[in-house]
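Shown next, in structure tokens, is the structure this report addresses.
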Amino acid sequence: MARKDKTGLSYRARRGWSLVILLLGLPLYIIVAVKVMSMLDRPPILIELLVYIVLGFLWAIPFKFVFRGVGQADPDQKE
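Everything in the sequence shown is counted per numbering that gives the first Met the number 0, starting at 0 for the first residue and increasing by one.
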């Protein structure tokens, strides 16, 4: 028999946390990234651009499980 125990966040929780991350966390991350880059000596523009592109992808890696499936319909909701 297959158990229907779910581990992890529910759909509603993931949706709420994704909004918090996008509306509060991402702007804070951008501010910190720009602040840290401004404290260093300014590298050539292509290297600086590459650093910002890499940082733009790195912020999402820890939160990948939160964003997975959020844009789709609630799988637990009855029709």
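Beta carbons: idealized from backbone N, C-alpha and C, even for Gly. Here the structure is a predicted model, which is why all the values come from computation and not from measurement.
Go through its chain and collect everything with a Cβ distance to residue i's Cβ below 7 Å, but skip five positions before and after it.
| i | result |
| --- | --- |
| residue 75 | 10 |
| residue 34 | none |
Between which two residues does the alpha helix (DSSP H) harbouring residue i extend?
| i | result |
| --- | --- |
| residue 16 | 10 to 19 |
| residue 42 | Residue 42 -> no alpha helix (DSSP H), and no H or E assigned at all. |
In whole angstroms, give me the CA-to-CA distance for residue i and residue j.
| i | j | result |
| --- | --- | --- |
| residue 73 | residue 32 | 34 Å |
| residue 36 | residue 77 | 49 Å |
| residue 47 | residue 40 | 11 Å |
| residue 44 | residue 25 | 23 Å |
| residue 69 | residue 13 | 7 Å |
| residue 21 | residue 38 | 25 Å |
Between residue i and the rest of its own chain, which residues show a CB-CB distance below 8 Å, the 5 nearest in sequence each way excluded?
| i | result |
| --- | --- |
| residue 59 | 66 |
| residue 51 | 32, 36 |
Going by C-alpha to C-alpha distance, which of the options sits closest to residue i?
| i | options | result |
| --- | --- | --- |
| residue 27 | 69, 55, 49, 12 | 55 |
Quiz item: Is the stretch 15 to 35 close to the stretch 65 to 72, with three or more CB pairs under 8 Å?
Solution: yes
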